[in-house]
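Counting from 1, one number per residue, gives the positions in the sequence shown under UniProt numbering. Beta carbons: idealized from backbone N, C-alpha and C, even for Gly. These numbers were taken from a predicted model, which means no experiment stands behind them. Below is one structure; the comments refer to it alone.
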Amino acid sequence: MSADQAIHPPDLDNSPKKRGRSRSGTRSGLERSSARLGWAFASPALLLVAAVTIFPIVFSLIMSFSNVNVTGDGFSLSGFTGHNFSIVFTSDLWQHAIVFTTLYTIVTVIVEIILGTAIALVLERLTASRGWMMALLLLPWAIITVISAQLWSYVYNGVYGVLNVVLSPLNGGHDINVLGGSFSATAAMAVADIWKTTPFVAIIALAGLVMLPGDIVEAARIDGANAWTIFWRVRLPLLRPTLSIAVLFRILQAFGLFDLPYVLTGGGPGDSTESLALLGWKVMFNDLKFGPGAAVAASTAGIVLIACLVFLKVFRSQVGSEETA
């Protein structure tokens, strides 16, 4: 053995631990490289989302806290003020719109959850024809809301509408204008909304039913539980997370109600079917009051955000209590 070998012995530590460290270092480098490559590919889509989604939201929020002056070339922002929100919060139109939108959202979402779950239970029992039924079920959901609203306006028309042709003989031959009354117009909008969005809830509920563990249901059946007890005590609690996701999405969609009242009623009769989204559009583009219109949009977004946070907190607490139990 030479003196150099005695002073600097060869590295004989070829243990699995060291090999693991080297592999880990190589793997972490590959992961960082893959992450950078992934961000590079995703950056155009992220920039597009920021341009069409985040920027308008931020600009609308800035506009709601600014003095907006309409000029011949457009509008200009000056100063910082909360006057726009004071105008909105003290307006009877805003108060009515928030009550109407909230009640409409609650009623339609509850009905859609019940009908969607029932349809999902039926589809679960189908075998060969399930694919065809799901395709037919998704047709209303695939139709653009403006187009479906226009189709329903033909049904509700007080002169040549299908509903008028069917019900007018029962009314002594007189025409029935469903969209002419406050309650009937709201009910007509709710029916059109439920017809379109119930398939969405049904598909989500069906996915949750398919993923449920079959051994738990079989054990309950062996213990003598009937179908009703199995659904309420076993399947529905296990299906709650899936239905909660459907409820969350439907709250977000229903609270932004705009297409149906815009096409069917225009917010009427009077302002009885005027939602928050439609009110903001009217204030901003009909009355050219951009500051208060932006304040209506910002208040709507804030209400939806608070409602979603409360819903998620309640959902997490329920799931945590079930897991500890």
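Per the Cβ contact rule, the segment 131–151 is in contact with the segment 249–265 (3 or more Cβ pairs under 8 Å). Bridge partners of Thr71 according to DSSP: Gly74. Contact check between the segment 161–173 and the segment 207–220: fewer than three CB pairs, one atom from each, fall below 8 Å, which does not count as touching. Residue environment analysis places Thr229 among the exposed positions, since fewer than 16 neighbouring C-beta atoms fall within 10 angstroms of its C-beta. Between the segment 167–176 and the segment 74–87 there are fewer than three inter-stretch CB-CB distances shorter than 8 Å, so the stretches are not counted as touching. Judged by DSSP secondary structure, Thr186 falls within the alpha helix (DSSP H) whose first and last residues are 182–210. Judged by beta-carbon spacing, Val99 lies beyond the 8 Å limit of Ala254, meaning their Cβ atoms are not closer than that value. For Pro241, the enclosing alpha helix (DSSP H) begins and ends at 236–255. Of the other Cβ atoms in all chains shown, 16 or more fall within 10 Å of the Cβ of Ser64; this residue is therefore buried.
By a beta-carbon distance limit of 8 Å, Lys196 does not contact Pro269. Their separation comes to about 23 Å. For Tyr104, the enclosing alpha helix (DSSP H) stretches over residues 92–125. The beta carbons of Val304 and Leu252 sit closer together than 8 Å.
Assigned with DSSP and collapsed to three states, Tyr160 falls in coil, not helix or strand. If you look at Asp259, you'll find it in the alpha helix (DSSP H) that goes 259–264. Under the 8 Å Cβ criterion, the segment 185–199 counts as touching the segment 101–108, having at least three qualifying pairs. The C-beta distance from Ala297 to Ser60 rounds to 5 Å, short enough to fall under 8 Å.
Taking 8 Å as the cut-off, the Cβ atoms of Leu123 and Leu206 count as close. The three-state secondary structure of Thr145, taken from DSSP, is helix. Taking a C-beta distance under 8 Å as the contact criterion, Ser272 and Ser182 qualify as a contact pair.
Going by DSSP, Thr229 is part of the alpha helix (DSSP H) stretching over 227–230. Residue nearest to Val70 within the set Pro292, Ile204, Ala220, Val155 is Pro292 (criterion: CA-CA distance). Bounds of any alpha helix (DSSP H) do not take in Leu170, whose DSSP letter is neither H nor E.
Across the set Asn286, Pro241, Ala295, Ala294, the C-alpha of Pro241 shows the shortest separation from the C-alpha of Lys313.
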